[in-house]
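Participant: First the structure, then my questions, so here it is.
Given below as structure tokens:
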């Protein structure tokens with residue numbers, strides 16, 4: 005039963021399904037840190053959908069990219085965030101909630117289904133973290149993103165008291 | 005005297021003036037939470053100017069929308085944020101300050117009076133919360149927003165020590 | 005040796021090099037606060053590259069502005085942030101890390117080297133703060149910014165325990 009699995013087990017299963025190498029992308033560009041912990045909070049840098057060293061689904065939603073492309077890109081950014089947390093604190097089961105998730109979507113001027121793109125992020129958190137995937141969310145349509153990415157996601161994470 | 009009223013009384017009075025149904029919009033799309041509390045902080049999701057189930061003042065500032073339209077939209081987003089806080093903790097009088105308010109404005113390429121739009125948010129906080137409405141603010145002009153909204157506002161709120 | 009200098013000394017030296025009047029720009033527009041402290045965190049408002057009362061390098065990166073113009077603009081926003089912190093707590097040597105730095109860049113639709121612009125911010129923090137300049141970063145390309153600025157930067161700062 006998937007409900008009886010730990011967050012970490014569900015994460016590894018989803019990573020396998022998506023073909024995501026969780027040990028391959030845990031780096032930032034060098035001028036900043038991918039993640040900083042402060043007390044019981046983790047701040048995670050803005051993450052573009054990079055996999056195997058390459059931006060996946062580059063382009064603009066509503067132009068080169070469909071909604072489902074954008075959702076796939078969004079889910080990769082979400083998985084990268086979870087991979088960074090595993091790397092930093094050892095287990096996703098230490099997460100209490102996601103205080104803030106901001107989803108930046110590079111769209112055309114007319115593409116208004118931005119919330120549907122962001123659901124690609126929310127669905128990963130819900131699936132992997134269960135109740136601990138509870139999060140507030142801000143979704144905006146931006147003009148451009150680093151390296152022509154279609155989606156970028158950052159977050160602030162709260163840890164369970166037992167972790168401290 | 006308006007200064008002698010509580011924050012909650014000023015909120016209700018302003019809501020009445022704006023014709024805002026404060027009990028009607030306290031929901032998120034289902035994939036995320038409108039608000040999460042962590043210690044003495046509240047994280048509030050990005051809020052578009054929805055009232056009675058419908059986005060008010062949809063469109064792009066500088067094109068379909070004037071500055072005063074955009075300010076009206078901004079004030080609705082601000083009121084929605086306050087309504088969510090009332091719903092979560094029972095009273096606006098528990099607020100100490102607003103640590104971060106981010107105002108996203110969907111404008112034309114040439115519309116630079118973004119700060120004037122954001123003042124529509126700041127003025128609501130100042131009017132309703134008085135000194136506790138003190139906030140830092142970031143205002144940016146974005147390309148698109150969910151559901152063709154003109155403005156989106158998110159925030160991080162600090163509560164008074166007595167609330168804990 | 006620059007390594008043996010305090011953060012404050014390096015800040016003053018860099019301010020002199022950039023011709024930056026650190027006592028001239030520590031104000032917000034009046035409707036909000038430039039900085040709010042909460043426990044051991046400082047929230048700093050979105051800062052545009054204003055110097056001597058005037059936006060420096062106004063315009064759009066990739067159009068009127070080159071990458072190096074944008075980096076110069078970015079470094080002014082970063083210096084303004086540091087100046088506000090000095091003003092609020094007396095010394096940059098009290099900083100532990102920068103939990104969140106968001107860099108908004110106004111670019112053309114095709115300009116994808118946004119991370120290079122944001123390095124103009126990161127390099128200031130690294131140079132002035134050393135290890136305490138460690139930060140998470142989110143960089144996005146927006147459509148417009150207040151007063152036609154090319155760059156806007158906001159941040160959340162963590163202070164050292166000894167400061168409390």
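Residue numbers (the working numbering), protein chains in the order written: chain A, 5 to 168; chain B, 5 to 168; chain C, 5 to 168.
For glycine and all other residues, C-beta sits at the position ideal for the given N, C-alpha and C.
A quick note: this is a predicted structure, and the numbers were derived from the prediction, not measured.
So which residues on chain B does residue 89 of chain C lean against when the C-beta distance must stay under 8 Å?
Facilitator: Here the premise fails: no neighbours, minimum Cβ distance about 13 Å.
Participant: Excluding the 5 residues preceding and the 5 following residue 68 of chain C in the sequence, name in chain order all residues of the same chain whose CB lies nearer than 7 Å to its CB.
Facilitator: For residue 68 of chain C, where only same-chain residues beyond five positions count, there are no Cβ hits under 7 Å.
Participant: Could you tell me whether the Cβ atoms of residue 76 of chain B and residue 110 of chain B are closer together than 8 Å?
Facilitator: Going by C-beta atoms, residue 76 of chain B is not nearer than 8 Å to residue 110 of chain B.
Participant: Under DSSP, the alpha helix (DSSP H) around residue 162 of chain B begins and ends at which residues?
Facilitator: Element bounds for residue 162 of chain B: not the alpha helix (DSSP H) but the beta strand (DSSP E), 155-163.
Participant: What are the complete beta strand (DSSP E) segments, minimum 3 residues, inside the stretch 69-142 of chain B?
Facilitator: 99-110
Participant: Can you name, in chain order, every residue of its own chain whose Cβ lies under 6 Å from the Cβ of residue 118 of chain A, other than the five neighbours on each side?
Facilitator: 109, 143 and 145
Participant: Rounding to the nearest angstrom, what Cα-Cα distance links residue 139 of chain A and residue 78 of chain A in this structure?
Facilitator: If I take the Cα positions, the gap works out to 15 Å.
Participant: Would you kindly work out how many angstroms separate the C-alpha atoms of residue 122 of chain C and residue 82 of chain C, rounded to a whole number?
Facilitator: Those two C-alpha atoms are separated by around 10 Å.
Participant: I'd like to know whether the C-beta of residue 50 of chain C is nearer than 8 Å to at least one C-beta of chain A.
Facilitator: No, its Cβ sits nowhere closer than 8 Å to a Cβ of chain A.
Participant: Is residue 8 of chain A helix, strand or coil when you go by DSSP?
Facilitator: Note: residue 8 of chain A maps to helix in three-state DSSP.
Participant: Should residue 105 of chain B be listed as close to the ligand GTP, given that the test is whether its C-beta is under 7 Å from any heavy atom?
Facilitator: Absence of the ligand GTP from the depicted structure is noted, as is the absence of any ligand whatsoever, leaving it without description.
Participant: May I ask you to report which of helix, strand or coil DSSP gives residue 64 of chain B?
Facilitator: coil
Participant: Taking C-beta pairs closer than 7 Å, name the residues in chain B that residue 36 of chain C reaches, listed in chain order.
Facilitator: 126, 139, 140 and 141
Participant: On the DSSP bridge assignment, give the partners of residue 59 of chain C in chain order.
Facilitator: DSSP, once it has assigned bridges, lists C:54 as partnering residue 59 of chain C.
Participant: Which residue comes first and which comes last in the beta strand (DSSP E) that contains residue 40 of chain B?
Facilitator: Judged by DSSP secondary structure, residue 40 of chain B falls within the beta strand (DSSP E) whose first and last residues are 39-42.
Participant: At 9 Å on the CB atoms, spell out the chain B contacts of residue 156 of chain C, in chain order.
Facilitator: 142, 143 and 144
Participant: Using the Cβ count rule (16 or more neighbours within 10 Å means buried), how would you classify residue 101 of chain A?
Facilitator: Result: buried.
Participant: Take the Cβ of residue 49 of chain A as the centre, count every other Cβ of all protein chains shown within 10 Å, and call the residue buried at 16 or more, exposed below.
Facilitator: buried
Participant: Any beta carbon from chain B within less than 8 Å of residue 123 of chain A's own beta carbon?
Facilitator: yes
Participant: Whose C-beta lies closer than 6 Å to the C-beta of residue 164 of chain C among residues of the same chain, with five residues either side of it excluded?
Facilitator: Result list for residue 164 of chain C: 98 and 100, in chain order.
Participant: Short of 7 Å in beta carbon distance, which residues of its chain neighbour residue 95 of chain A, apart from the five on each side in sequence? Order them along the chain.
Facilitator: These residues qualify, in order along the chain: 12.
Participant: Are the C-beta atoms of residue 147 of chain B and some chain C residue less than 8 Å apart?
Facilitator: yes
Participant: Which residues share a DSSP beta bridge with residue 23 of chain B?
Facilitator: Note: residue 23 of chain B sits in no beta bridge, so no partner.
Participant: Return yes when the Cβ of residue 151 of chain C is within less than 8 Å of the Cβ of residue 90 of chain C, no when it is not.
Facilitator: Cβ distance not < 8 Å, so residue 90 of chain C and residue 151 of chain C don't count as in contact.
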